Every structure is written in C-alpha cells, then in structure tokens.
Amino acid sequence: MNSKTISNGILRAIGIILGVALLLFFLYKIQSVITYVAIAAVISLIGRPIVLFLENKLKFKNTLAVIFTMLIFFGVFAGIMALIIPLLIKQGENLSLINIEELQTNVENLYNEILTHFDLHKSDIKESLKESNLASKIDFSILPNFINSVISSFGNFSIGLFSVLFITFFFLKDNKMFENSILTIIPKGKEARWKRSSNKIKDLLSRYFVGLICQISILFIIYTVGLLIIGMENAILIAFLCALINLIPYLGPAIGGLLMIILTTTSNLGESFSDFILPKTLWVIVVIVVGQLIDNFISQPVIFSKSVKSHPLEIFLVILIAGILFGIVGLVVAVPAYTAIKVILKTFVTDNKIVKKLTKNL
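First residue of the sequence shown? That's 32 in my numbering, and the numbers climb one at a time after it.
Here's what the structure looks like:
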C-alpha cells in the first residue's frame, strides 16, 4: 500500500464524514418540514380506509373521496377545538386575573392541611420545607406569561396546520407517491417484492393508527363520564389531555394520571383537604384505575393482536429498547417502526430462522 492509496482513503473518509455531517445539518434545519410530513403520513394512513371505502363501496371518484375524507377530518378537528378552546380561554382569563398572594396563601394552607391530616406536622419534612422557603421561590407570574406565549404561537400553528392538510391531501390522492419515490433506489428485480411489502406495511399501519384513535376515544369517554359524575371542573378538557398523553406507552398513563390528580388539587385550593380535596382525589384515582384496566386488558390487546400482529411481550421489549435509545420519541414510534421493519425483513430475508419466527403471523 503506497502513500497515494493511503491519501485517497483518508480523503474519501473525510468526504464521507463531511457528507454525513452536511446531511444531518440539513435535516436539522428542515426538522419542522419533516414533522409536517410525518404527521401528514399518519393522517393519510388513518384516512386510507375511508378513501378505499368511498371508492370501492360508494363508487366515489378518487379526488371526491379524498375531499370527503378531508372534510371528515376537518369536522372532527373543528369539533374538538369547539370543545377545548372555550375552556382554554376561560382558564386564560382566570389566570390573568389571579391574585398571586392569595394563591400562595392557599398553597401554604393546603400544604399545612396535608401535613396535619397525615400526621406529618412533627416530621422533618415540614421543617426542611419551611427552611427552604419554597413558596417564595415559586414564580407564579409565569402563568399569565405562559398564556401569552401560547397565543403568540398561534401563527406558527396555523402555518403548520395548513402544511399538514396540504401534504395529507396529496398523500391520500396519490397513495403510491411515497412508494414510487422509494422504488427509484430499489435494485432492479426487487421492485415487485418492495411493492408487496409496501402495501402490507400500509395496511398494518392503517389498522394500527385507526386502533389508536379508537383507544383514545374509549379512554376519553371513560374519563369524561367519570370526571363529570364526581363534579370535576373542565372535565372534557382534562379527559382529552389525559387520553391523548396515554399514547406514550407506559409513561403516558402515569403522566396523565398525575396530571389529573394535580388539576383536581389545584382546582380546589380554597377547599378543606380532609372534607373535600382528599375524597375527590380518591374518586379521581378510581376513574384513572377503571380507565387503565379497560385500556390495558381490552383496548391494547385488541389493537396489537389485530393490527400489528405481535405478541405483547415482544411489543413491550421493543418499546423498552426504543425508549432507552431514543427517549419519548422512541416510545411513540417504536411499534409502527418495528412493524415496518418486520414486513421488510419477511419480504427480503425470507430464509432466516429468526425472521421466520418473528413474522410467522404476518
């Protein structure tokens, strides 16, 4: 090996590193566009069964079927916003008029009542928190500022919404757009196998995302009914947020439950802890437990067995590994990504024993 060969190898390695760095930098700069495309892809997969039903059963033209499907999505979105926005506006008005000193007093009183109720007033907890002067360190003025920042970001949200709807329309209208773009890099002779795997992936993911919508809806109904029965303020908004957060595997239910309990406590700061807040919190916990039992033993098994055709233990391990490697994003995308990988392996690595074992139900 002469010096010229070594130099060429070094230059080639540097070129590859620079190319990868530039690609990553480019992807970082257009991450908002990538997010729009990803959201549009998910929505198009959810809408795909509707478009196919309208075309095959009702004999709609493709464009008309897509427009009708988009109108359904828009109607659902408008309905959700009609429920949530008035509640958010009301909460924003309440926060803007909040008396900071009164709020601090209520928080301190609630803290003292909790210590007294659980017989903790003689423990070191009270003394340590008193020495830390925690209440004085909390900047309650950030609450109105937070509402203002939400309002100021409405313009960016509008641009994102329009972009997602525009991309979704063309994904639904030409459902082979992504497939054909991938075909340009598939070696000749393997196009047919790629088309089969692509169609299989779309079918499985469509069923999976539709199943998630059903899962959210069931949990939302359970939470809403339960919170309304116990007289919780803003029950619809709280139920929707907690049902949506539940999409994050394993962490979502814990975060949603904690959020529901915190909102229950903070919504009744002026009330007695023993006579009002504690009983209501216990009923909220009952609602959470009932919702999670139905979700874990009915909704999720049906979704995973009927859509992605994977064993619950298999799904658990995949989500766990993805969460360790990629955090919250990994938890969310683990199942659809794993499903797509399984289909591709089944199509292109047909003789491998491990692949056969993992994909026997596909």
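C-beta atoms are modelled at their ideal positions from N, C-alpha and C, and glycine is treated no differently. Values in this document were obtained by computation on a predicted structure and should not be read as measured data.
Checklist entry - Between which two residues does the alpha helix (DSSP H) containing Ser228 stretch? => result Glu222 to Ile260
Next on the checklist: How far does the alpha helix (DSSP H) with Lys387 in it extend, from its first residue to its last?
Outcome noted: Lys384 to Leu389
Next on the checklist: Please return the same chain residues whose Cβ sits closer than 8 Å to the Cβ of Arg224, not counting the five positions on each side in sequence.
Outcome noted: Thr378 and Phe379
Checklist entry - Hey, quick one: how far does the alpha helix (DSSP H) through Thr400 stretch, first residue to last? => result Nothing about residue 400 can be reported from this structure: the residues present for the chain run from 32 to 393 only.
Checklist entry - Relative to the C-alpha of Thr312, which residue among Leu290, Val333, Ile325 and Gln331 is closest? => result Leu290
Item to check | Own chain, CB closer than 7 Å to Pro284, minus 5 neighbours either side, in chain order | outcome: Asn277 and Gln323
Checklist entry - Who are the Cβ neighbours of Leu259 in its own chain at under 7 Å, not counting the five residues just before and after it? => result Ala266
Checklist entry - Which of helix, strand or coil does DSSP assign to Lys373? => result helix
Checklist entry - CA-CA distance, Leu214 and Phe105? => result 32 Å
Checklist entry - Any heavy atom of the ligand ATP closer than 7 Å to the Cβ of Arg224? => result This structure does not include the ligand ATP; it has no bound ligands of any sort.
Item to check | Cβ neighbour criterion (16 or more within 10 Å) applied to Asp382 | outcome: exposed
Item to check | Same chain, Cβ closer than 6 Å to Ile249, neighbours up to 5 away in sequence not counted | outcome: Ser330
Item to check | For Asn211, the three-state DSSP class (helix, strand or coil) | outcome: helix
Checklist entry - How far does the alpha helix (DSSP H) with Thr381 in it reach, from first residue to last? => result First-last for Thr381: undefined, no H or E at that position.
Checklist entry - If you draw a straight line from the C-alpha of Leu165 to the C-alpha of Ile261, how long is it? => result Residue confidence is low: Leu165 scores 48 on pLDDT, short of 50, so the model does not pin down where it sits. Its coordinate-derived value is still stated next. One C-alpha to the other measures close to 32 Å.
Item to check | Candidates Gly361, Leu236, Ile375 and Val64: closest to Asn187 by CA position | outcome: Val64
Checklist entry - Between which two residues does the alpha helix (DSSP H) containing Glu264 stretch? => result Unbroken run through Glu264: none, as it is neither H nor E.
Next on the checklist: For a quick check, are the C-beta atoms of Lys232 and Val349 less than 8 Å apart?
Outcome noted: The amino acid occupying residue 232 in the given sequence is Ile; Lys does not appear at that position. Contact flag unset, no.
Item to check | Inter-residue spacing [alpha-carbon to alpha-carbon] between Ile103 and Ala371 | outcome: 27 Å
Checklist entry - Per DSSP, what kind of secondary structure is Leu165 in: helix, strand or coil? => result For Leu165, the predicted model reports a pLDDT of 48, less than 50, meaning its position is unreliable and no value from the coordinates is stated.
Item to check | For Ser341, three-class secondary structure by DSSP | outcome: coil
Item to check | Beta-carbon contacts of Val228 that lie in its chain and below 6 Å, excluding the five residues immediately before and after | outcome: The sequence given here places Ser at residue 228; Val does not occur at that position. Result list for Ser228: Val374, Ile375 and Thr378, in chain order.
Item to check | Beta-carbon proximity of Leu236 to Leu76, cut-off 8 Å | outcome: yes
Item to check | Pair within 8 Å by beta-carbon distance, Lys204 and Val97 | outcome: yes
Item to check | alpha helix (DSSP H) runs contained entirely in the region 56–116, provided each spans 4 or more residues | outcome: 62–87
Item to check | Arg238 beta carbon less than 8 Å from that of Lys337 | outcome: yes
Next on the checklist: I need the DSSP call for Asp326, collapsed to helix, strand or coil.
Outcome noted: helix
Checklist entry - Hey, would you say Val10 sits closer than 8 Å to Ile292, going by beta carbons? => result Outside the modelled stretch of the chain, which goes from 32 to 393, sits residue 10, for which no answer is possible.
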